[in-house]
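Protein chains in written order, with our numbering: chain Y, 32 to 357; chain U, 1197 to 1526; chain S, 12 to 398.
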Amino acid sequence: MSHLLEINNLDVKFDTDEGRITAIDNVSLTLDQGKVLGIVGESGSGKSVTAKSIMQLNPGNTIYNDNAEIIIDDENVLKFTSKNDLKKIRGGKVSMIFQEPMASFAPAIKIGNQMVEQLMIHKPMDKKEAKNISIDMLNRVGIADAEKRFNQYAFELSGGMRQRAMIAMALSTMPKLLLADEPTTALDVTIQAQVINLMKDIIKEYNMGVIFITHDLGVIAQVADDVAVMYLGSVVERGPVNEILKNPRHPYTRGLLNALPDINNLDAPLQPIPGNIPSPLDRPSACVFRTRCQNPSHDCKEGNIEMGLIEVNPGHWVDKCCVNCG
Amino acid sequence: MSENIVSVNNLSVAFDYQENFLAKKQKIKAVNNINIKIKKGSFFGLVGESGSGKTTLGRAILGANKISQGNVIFHDDEKDYDLTSITSKEMKEYRKKAQLIFQDPYAALSPRMTVRDIIAEPLEVMKITNSREETDARVRDIAAKCRLNLEHLRRFPHAFSGGQRQRISIARALVSNPKFIVADESVAALDVSIQADILNLLKQLQEELNLTYLFISHDLSVVAHVCDIVAVMYLGHIVEMAPSRELFSNPRHSYTKALLSSIPSIDPENKSKAIELQGEIPSAMNPPSGCVFRTRCPNPTHDCKEGHIEMGLIEVSPDHWVDQCCVNCG
Amino acid sequence: MEISNKKKEAYYTATQMQLVRTRFFGNRSAMIAGSILLFMIVCSLFSGFLSPYDPTIAGRDKNYENGAPQIPMFWDENGFSPRPFLHTLTKYRGADTNFRWVYKTDTEKRRYVYFFVKGWEYKYFNYNINLPGEALDFKIPGFTFDTHLFGVDEGGIHLFGTDKAGKDLFSRTLSAIYISLAVGTLGVFISFVLSLVIGGISGYYGGWVDSLLQMFTDAIRTVPPIPLFMCLAAFAPLEWSSELRFFFISCLLGLISWPTLARRVRTHLLSERSQEYILAAQMCGASSTHIIIRHLLPSFTSYIIVDLVISFPYMLLSETALSFIGLGLREPVNSLGVLLQNATKADVLLNYQWYFIPVFFLVVLILTFVYVGDGLRDAADPHKTKN
């Protein structure tokens, strides 16, 4: 069975004034229809860059490597150069929702018009049909008074509603793949709960593949089926969410879990991960985590062991370096 | 000598709002009739979502926002300071004793000053030290406590990560030897692993320097871990206040219950859906009369829904206060 | 690639100005423009030294009116000469030239170019101060020189040709660049002081002070500049000396263009004022003076420098436009606008194309300012954003 999305050996580098920065190093991920893949990482982990690479939304100074493949529905989208081909993925097969809902909507155009415009770009239909579909979507995401909201501007809606409207806009073209880049981070926690419930319902109903990017492990636990943990541009651990959260093998994953305040265990001390995240200009060679690992083997600390995922349990992949250490 | 360091009595803070030049002047009550007593040496948590008024309350206690009604009294060892009738000389003393740590580590440090100058600025403005050597010694001392190296002092903020900048902010707040610190969302902008580091640092400094914290946050799990007492705010009112263990194991107010259930659990097997609150947070310009929570309460009594019942905290168990309206409903 | 520790430390301890400077030096187009601009400014400052002839009517060459540019040569049919030379020209008019004066070249007679020759006198810092009352008048003698970079022993050397009266266009261009830059500088300075004060008060205090000052600023801004210039410039009496006129035009330029700069100052102040580090200083009880000097002023020094450089071209263009219509500077004072005035006749276009050379210099001057301003703005910006 072929996967909905396959990312193979993706390297992304940025050419900046300070030099060539590696944002992503040898990332390989797969996603099947109807499943949610969570990508978890802190700042500088490269999770946003990965999502943007799928839609080719990275800035002009991006350099992809030659043998990288991003295969959506059997087509390698990295090879697309013409505007028409890119149109197929952007908004057509693949939709994206962002962290800041105000950034998604043009402030001077009514929401309804933006949704209709997006629909008509991707599917052949007339304005009336597009309007009906849009209002229907707004209803589906739980916006009361959808007809009235259709004719409003983005600033007239509250934060939670704007996020829902953005979800509605992203879903109206019936994409096969949905990329959600920190969609709930900017929301209040009660609104976040509403939006997460909504997303879970919609994912079930539409049977889409979803890549859910966040730094919040709790959200991942609730929403994702599989999770990939990223650190400084590399995937350090990957597998089913139950397995990873109950049985983390990589010291970074363990560190993240230990650093989290757990509401059910208020006596447990908070254990930060020692050290600081190195700047992307200072990316350690070989195993990227060796500067902060609590228990590195001698070879690893010297930088002699290259990174690479190995399967420790069915479906559970860990970076080989840290299986031996930490 | 009181065991409390700060007493907030019937405090209300209102802002003037005028939509445009010709519109009528309106008053928005950001903080409404708050009563809090913060004990010396405690870690008091203030939790709420956007529009709850928690930041306004924190800043009003520090004298940065004008108090409309009620008062705030700071009980120092020698004397009490009443913020509504404080003289400017007393204000200068008060500023040395109560300080603020900001949320955004990137905006809170002047990009044009070295770390040493940033930390030394309060000393120079408040004229606490008399010579450069004294200032330098003080700065070095507090920087070491916040785990900043000597060479960091010569650098500019652009050289540091978020967590390190927050430590510089903390050092700046502590350099004047305050007794009371308001930490306004101080860990919200940090990565999770760094967050834990800063929280541990705050706790450690509390023991070393005998501080009292007012910790403002929207993140319940963080507050649960570090705070002794937690107050939950909604639209300018305190709806529940209790020691943190008690609050999290036995919440009485529907809003607190909804907040707690909204925290996504790390346990993937626990896929219970959160209690969903209906509707949106009402605008502060036009709050609901009576109980402000009645528009979203999942189970209001008839009287409450009509807006007949006024708000007010009652003690349901020792030290556990809940708004009287919701004790009967929800 | 590991960056060395020394470089990293240098980056960490670099002040804002140093970072801006480093970024600016890395911007190639800005550096090229900057060098050209610097070269032109230096040339204009030394215009007396570089010009072989007095740019006013006193230095005209009666024998070479409307003459084409003369470029020194090293080589002609008679052989090579290490010293550059020019051919002799004689005036001739006849039926075959439609009775227009043309110049015939005599390739046998050479005139050699000499360097560091003595010529007309030029003065620096020579002012006559006329104060009310005879007793208070005094003269600042200044410095007088008479050495020039190059010249010829007989005839004339006119690198850019001459105009109708025989004035050397090369000398005129150099002094015009100097005058235009001087007027621009004075105008920018006046505009800067005004906008700093008004924009500063407006931005720092906010509230009704801000509203009032903004209304005033906008009122001045809405008046169309060219008619306003023309109106005010026409008030200047014809009897005024050229220095006084120079000063007057500069003041006018400054007074008309301060609103734009004031708005920028105000915007910078308003956005900086609400920064959290300002609030942190206020919470320590810092006085307004402390905040302004220690925080606000340094914060927008780089932006103000950018604004100043960018407003220069507008000054230049305004002065050129005014002088071009005849309302700005006039003969004998040279400015690029005055020179352009001569280039408006069809006669010139057909026969005396070298009159357009100052246009080229005006364009280059403005473009270099724009590129340098852009480069400065790009260099000054990054620090406000998060890493």
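Here a beta-carbon is modelled for each residue, glycine too, at the ideal position from N, C-alpha and C.
Asked	Found
Where histidine 281(Y) sits in the DSSP three-state scheme	coil
Where lysine 178(S) falls, given that 16 or more other Cβ within 10 Å makes a residue buried	buried
Residues within the stretch 1426-1453 of chain U neighbouring chain Y, beta-carbon criterion of under 8 Å	Ser1440, Arg1441 and Phe1444
Selection of the stretch 1312-1338 of chain U by Cβ proximity to chain S, strictly under 7 Å	Glu1317, Pro1318, Val1321 and Met1322
Proximal chain U residues relative to threonine 379(S), where beta-carbon distance stays under 9 Å	In chain order: nothing, as chain U lies at least about 29 Å away.
Nearest residue (CA-CA) to leucine 1455(U), options Ile1462(U), Thr1310(U), Phe1444(U) and Tyr1213(U)	Phe1444(U)
Within 8 Å, strictly: CB atoms of phenylalanine 320(Y) and glycine 69(Y)	no
Integer Cβ distance of isoleucine 166(Y) from glutamate 178(Y), believed to fall under 8 Å	6 Å
Complete runs of the beta strand (DSSP E) confined to the stretch 1414-1447 of chain U [at least 3 residues]	1425-1430 and 1433-1439
Assumed close pair valine 272(Y), valine 258(Y) - CB separation to whole angstroms, cut-off 8 Å	5 Å
Cβ-based neighbour list, valine 381(S), same chain, cut-off 7 Å, excluding 5 preceding and 5 following	Pro324
Residue(s) in a DSSP beta bridge with leucine 106(Y)	Residue 106(Y) is actually glutamate in this sequence, not leucine. Answer by DSSP bridge pairing, in chain order: Ile103(Y).
Span separating the alpha-carbon of phenylalanine 281(S) from that of glycine 306(Y)	For the record, residue 281(S) in the displayed sequence is leucine; it is not phenylalanine. Between leucine 281(S) and glycine 306(Y), the C-alpha separation is close to 38 Å.
Cβ-based burial, valine 204(S) [other Cβ within 10 Å; buried from 16]	exposed
Beta-bridge partners of arginine 121(S), as assigned by DSSP	His98(S)
Which of helix, strand or coil DSSP assigns to glutamine 1295(U)	strand
CB contact flag (glycine 191(Y), isoleucine 227(Y), <8 Å)	no
Three or more C-beta pairs below 8 Å linking the stretch 1367-1380 of chain U and the stretch 1323-1339 of chain U	yes
Where threonine 61(Y) sits in the DSSP three-state scheme	strand
With 16 other Cβ atoms within 10 Å as the buried cut-off, status of glycine 357(Y)	Residue placement at glycine 357(Y) is flagged as unreliable, the pLDDT there being 49, under the threshold of 50; the coordinate-derived value follows with that caveat. When all chains shown are included, glycine 357(Y) counts as buried.
Near-chain U residues of the stretch 68-85 of chain Y - C-beta to any C-beta below 8 Å	Glu73 and Ser74
Cross-chain neighbours of methionine 326(S) in chain U, by beta carbon under 9 Å	Going along chain U, no residue has its Cβ under 9 Å from methionine 326(S), so there is no contact; the nearest lies around 29 Å.
Helix, strand or coil at lysine 1250(U) [DSSP, three-state]	helix
Sufficient close CB pairs (3 or more, under 8 Å) joining the stretch 204-218 of chain Y to the stretch 128-147 of chain Y	yes
Closer than 8 Å to chain U by CB, lysine 397(S)	Low per-residue confidence applies at lysine 397(S): pLDDT is 31, beneath 50, and the placement is therefore not dependable, though the value from the model is reported in the following sentence. True, the Cβ-Cβ gap to chain U drops below 8 Å.
Spatial neighbours of glycine 386(S) in its chain, beta-carbon cut-off 6 Å, leaving aside the 5 residues before and after	Phe35, Asn38 and Ala41
Nearest-angstrom Cα separation, counted from leucine 340(S) out to leucine 255(S)	10 Å
Cβ shell of glycine 1358(U) (< 8 Å), same chain only, five flanking positions each side left out	Pro1301, Tyr1302, Ala1385, Leu1386, Asp1387 and Ile1390
Positions along the stretch 219-243 of chain Y whose CB lies within less than 9 Å of some CB in chain U	Asp219, Val220, Thr221, Ile222, Gln223, Ala224, Gln225, Ile227, Asn228 and Lys231
Cβ-based contacts, 7 Å cut-off: residues of the stretch 291-312 of chain S near chain U	Ala291, Ala292, Met294, Cys295, Gly296, Ala297, His301, His306, Pro309 and Ser310
Aspartate 116(Y), enclosing alpha helix (DSSP H) - first and last residue	114-120
Listed by chain order, chain U residues near glutamine 27(S) by CB distance under 7 Å	Pro1307 and Arg1308
Interface flag, alanine 1260(U) vs chain S, CB-CB below 8 Å	yes
For lysine 397(S), the three-state DSSP class (helix, strand or coil)	Per-residue confidence for lysine 397(S) stands at a pLDDT of 31, beneath the threshold of 50, marking its modelled position as unreliable; the derived number appears in the next sentence. Of the three classes helix, strand and coil, the one that applies to lysine 397(S) here is coil, per DSSP.
Cysteine 242(S) classed as buried or exposed, judged by whether at least 16 other C-beta atoms fall within 10 angstroms	exposed
Chain Y contacts from the stretch 1404-1421 of chain U (Cβ-Cβ distance under 9 Å)	His1414, Asp1415, Leu1416, Ser1417, Val1418, Val1419, Ala1420 and His1421
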